[in-house]
Amino acid sequence: MNNRVRTVFNRRKQASDTTCAAVEIVVCLGRERFYFSIGIFLNATQWLDGKVINHPKAAIFNEQIQKKVTEFERIIIAMEVNGDDMTTQQFKTYLSSDGSNRRNFMAWMRERIQSRKMREGTRKGHLTTYKALQRFGKFKTFDDVTLTHIYEFDMFIREEETYTSTGKLIERSQAAIHNYHKRFKSYVSEAFRLGLIKENPYNRFQDKRGEKGKRPHLTKDQIKRLIAIREESADRVANKYLDFFLFQIFTGMAYSDAKSFDYTQHIITVDGHAYIDGHRMKTGEEFITPILPYTQKILERNDYKLHITSNQKYNQFLKGVGLALGCSFLLTTHVAKHNAFAI
1 MNNRVRTVFN RRKQASDTTC AAVEIVVCLG RERFYFSIGI FLNATQWLDG
51 KVINHPKAAI FNEQIQKKVT EFERIIIAME VNGDDMTTQQ FKTYLSSDGS
101 NRRNFMAWMR ERIQSRKMRE GTRKGHLTTY KALQRFGKFK TFDDVTLTHI
151 YEFDMFIREE ETYTSTGKLI ERSQAAIHNY HKRFKSYVSE AFRLGLIKEN
201 PYNRFQDKRG EKGKRPHLTK DQIKRLIAIR EESADRVANK YLDFFLFQIF
251 TGMAYSDAKS FDYTQHIITV DGHAYIDGHR MKTGEEFITP ILPYTQKILE
301 RNDYKLHITS NQKYNQFLKG VGLALGCSFL LTTHVAKHNA FAI
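When we follow full-length UniProt numbering, the leftmost residue of the sequence shown carries the number 1, and every step to the right adds one.
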């Protein structure tokens, strides 16, 4: 048992065979002590070596005591993780008068989002979930992290009407809703591991991953037309965007991966054939993709350096390309990596 948290019986030396005294948990931080009564009273014959004995509810009481000791030990770990002052006064901020935790959950979650090690694209997604939780408004303290509130949040993100910067209504798919829960669940689970909440409500929440909609992609004929447009173009700026998009198509690389591509670092040769050997910026997963003849042609005419200064301008250009190709969907940089199978 952690020597900073332990059980004490009959602290005031009042217990006898007929007189009961309280079982307490004492928290020791530095030179300070904090005694917490857990509502269990025993006589002198019902306590031995830190355990309840000779009592009809001995097993229940021992389990209650152990749960509370474990909870307090986790709070101390949470204080250390959060860089709190290791004082009994700070310990009490994690508790209310009835032993529940009324510390600001949203402030804690925001701090964890900022301090966790993750890719910036991933952090942006977590902040999106955080802002949705703010709009929902019911997760104020750790005591508010309940199964009921999680189900209410699920309904909220299904029914909420939000719009893009251009005023277009955002319709959340089941897959998108699942991602909100996946991100939020990671913080709820961490809070549980640290003893900041007494149970993990996500263990009882029924979430569905959902099917991702059919991904839009170009047809083989549209890709051929796109290549022809590039070969006939004399516009330097347009050619830069077209080559970058075609490079994504022929490698299956996401925008961030293609943008970070460095020929001197990411090319390997296997049995006389060149391959791109890299890591996905978003997930960190390794990938290897061959340098096809047209990919090589793109690299050669760009001096083996592909450069896009603005993702926004790039996507704006692709919208026009999509119209020219007769696409029934919005053509964006995300579409490119879904076309490798169509080549």
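Positions of the beta carbon are idealized from the N, C-alpha and C atoms, including for glycine.
- Only residues of its own chain outside the window of five on either side were considered, and among them Ala-254, Tyr-255 have a CB closer than 8 angstroms to the CB of His-334, listed in chain order.
- Sequence-distant Cβ neighbours of Phe-329 in its own chain, meaning closer than 6 angstroms and more than five residues away, are Pro-216.
- Residue pairing by DSSP places Ile-170 opposite Thr-162 in a beta bridge.
- If you draw a 10 Å sphere on the C-beta of Ala-324, you find fewer than 16 other C-beta atoms in it, and that means exposed.
- Shortest Cα-Cα distance from His-55 to any of Leu-42, Lys-67, Ile-65 involves Leu-42.
- Measuring C-alpha to C-alpha distances from Thr-45 to each of Ala-21, Leu-29, Ile-25, Gln-66 identifies Ala-21 as the nearest.
- For Glu-24, the beta-bridge partners assigned by DSSP are Val-8, Ser-37.
- Non-local beta-carbon contacts of Asp-84 in its own chain, meaning distances under 6 angstroms to residues more than five positions away in sequence, involve Gln-90 in chain order.
- Around the beta carbon of Arg-116, a 10 Å sphere encloses fewer than 16 other beta carbons of the protein chains shown; the residue is thus reported as exposed.
- Using a Cβ-Cβ distance cut-off of 8 angstroms, the stretch 189 to 199 and the stretch 157 to 169 are not in contact, since fewer than three pairs of beta carbons, one from each stretch, lie closer than that value.
- Look at the beta carbons and you see the stretch 53 to 73 touching the stretch 2 to 15: at least three pairs across the two are nearer than 8 angstroms.
- About 15 angstroms separates the Cβ atoms of Ile-150 and Tyr-130, ruling out a contact at the 8 angstroms cut-off.
- Per DSSP, reduced to three states, the secondary structure at Asn-43 is coil, with no helix or strand assignment.
- Per DSSP, reduced to three states, the secondary structure at His-181 is helical.
- Within the stretch 75 to 162, the runs of alpha helix (DSSP H) that reach at least 4 residues and sit entirely inside it are, in chain order, 88 to 92, 105 to 115, 120 to 136, 147 to 159.
- Across the structure, Phe-136 and Tyr-94 are spaced so that their CA atoms are roughly 23 angstroms apart.
- Straight across, the Cα-Cα distance linking His-273 with Asp-143 is about 59 angstroms.
- By the criterion of at least three beta-carbon pairs nearer than 8 angstroms, the stretch 166 to 173 is not in contact with the stretch 219 to 235.
- Residue state for Ala-274 is assigned as strand, using DSSP reduced to three classes.
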